[in-house]
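Sequential numbering of the sequence shown, starting at 8, is according to my numbering. Glycine residues also receive a C-beta, built at the ideal position from the N, C-alpha and C atoms.
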Amino acid sequence: MLFSHEYEDGVLHLSLHRDLDVTSRAAVAMHAEMLLHAHRPRLVRFQLPTAEPSPASLSVLARFRRLCEALGTPMAVCARTAPPSSSRPAAA
């Protein structure tokens, strides 16, 4: 599964599970667009899989942002970040 979604209290939550490549971006973009038209949310939250997404992931994000703007739907973007490392250098 490339991404998942939830619709709750008028907010459509879309979450990419991994960075996209050229072959997967069209399918994800089309599915996300269908969800936007089906739910007509008041807000979209788009979660990227990393803080440094691939060009294909950014392409889907840009396409989806343009669609949200055309429909007048605000969109928030966030990225998963790695948890802080527990291996800190010992204090001297």
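CA-CA distance, residue i and residue j?
i: Pro62; j: Met41; result: 22 Å
i: Arg47; j: Thr88; result: 29 Å
i: Val18; j: Ser11; result: 14 Å
i: Leu65; j: Glu13; result: 21 Å
Restricting to Cα atoms, I'd like to know which of the options is closest to residue i.
i: Cys85; options: Leu74, His46, Met37, Arg52; result: Arg52
i: Asp16; options: Leu50, Leu68, Arg73; result: Leu50
i: Ala58; options: His24, Ala33, Ala34; result: His24
Exposed or buried, residue i, counting other C-beta atoms within 10 Å across all chains shown (16 or more means buried)?
i: Ala45; result: exposed
i: Ala39; result: buried
i: Val29; result: exposed
Using a Cβ-Cβ distance under 8 Å, would residue i count as near chain C?
i: His12; result: Absence of chain C from the displayed structure is noted, only one protein chain being present.
Apart from the five residues on each side of it in sequence, which residues of its chain come closer than 6 Å, Cβ to Cβ, to residue i?
i: Arg70; result: Ala36
i: Ser31; result: Leu9
For residue i, which residues of its own chain have a beta-carbon under 8 Å away from its beta-carbon, when the five flanking residues on both sides are left out?
i: Ala83; result: Leu50, Val51, Arg52, Phe53
i: Leu43; result: Leu19, Val51, Phe71, Leu74, Cys75, Leu78, Thr80
i: Leu68; result: Phe53, Leu55, Pro60, Val84
i: Ala34; result: Leu9
In its own chain, which residues sit with a C-beta less than 7 Å from the C-beta of residue i, not counting the 5 before and 5 after it?
i: Asp26; result: Pro56, Thr57, Pro60, Ser61, Ser64
### Query
Which runs of the beta strand (DSSP E) spanning at least 3 residues fall entirely within the region 18-73, listed in chain order?
18-23, 50-55
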